[in-house]
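Asker:
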Amino acid sequence: MLNISVTLIYIIMMKKKLNIQFLAILLLFVGGLAILIYASNFLLS
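Okay, so the sequence shown: first residue is 8 according to the numbering used here, each after it adds one.
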């Protein structure tokens, strides 16, 4: 599920031709969010 959303974001960025730095920050943000969700689920279970 996460990989699909990251791929979609990547495709959108490439089509808009925004700079690589912005893409990298966005991917880090999405990755950090996924880690937080995973960690909270792990702690709650």
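Backbone N, C-alpha and C define an ideal beta-carbon position, used for all residues, glycine too.
So, with DSSP's three-state summary, where would you put Ser52?
Answerer: The count along the sequence shown starts at 1 and reaches residue 52 at position 45. Coil.
Asker: Which whole-angstrom value is the C-beta distance of Leu43 and Val13, which I expect to be below 8 Å?
Answerer: Here residue 43 refers to the residue found at position 36 of the sequence shown. Here residue 13 refers to the residue found at position 6 of the sequence shown. Not confirmed; about 15 Å, so no contact.
Asker: State yes or no: is the C-beta of Ile11 within less than 8 Å of the C-beta of Val37?
Answerer: Taking the sequence shown and counting its residues from 1, the one referred to as residue 11 is at position 4. Taking the sequence shown and counting its residues from 1, the one referred to as residue 37 is at position 30. Contact flag unset, no.
Asker: When you compare only the Cα positions, how much space is there between Ser47 and Ala41?
Answerer: Here residue 47 refers to the residue found at position 40 of the sequence shown. Here residue 41 refers to the residue found at position 34 of the sequence shown. When rounded, the distance between both Cα atoms is 10 Å.
Asker: Can you tell me whether DSSP reads Asn10 as helix, strand or coil?
Answerer: On the sequence shown, residue 10 is found 3 positions in, with the first residue counted as 1. In this structure, Asn10 counts as helix in the three-state DSSP scheme.
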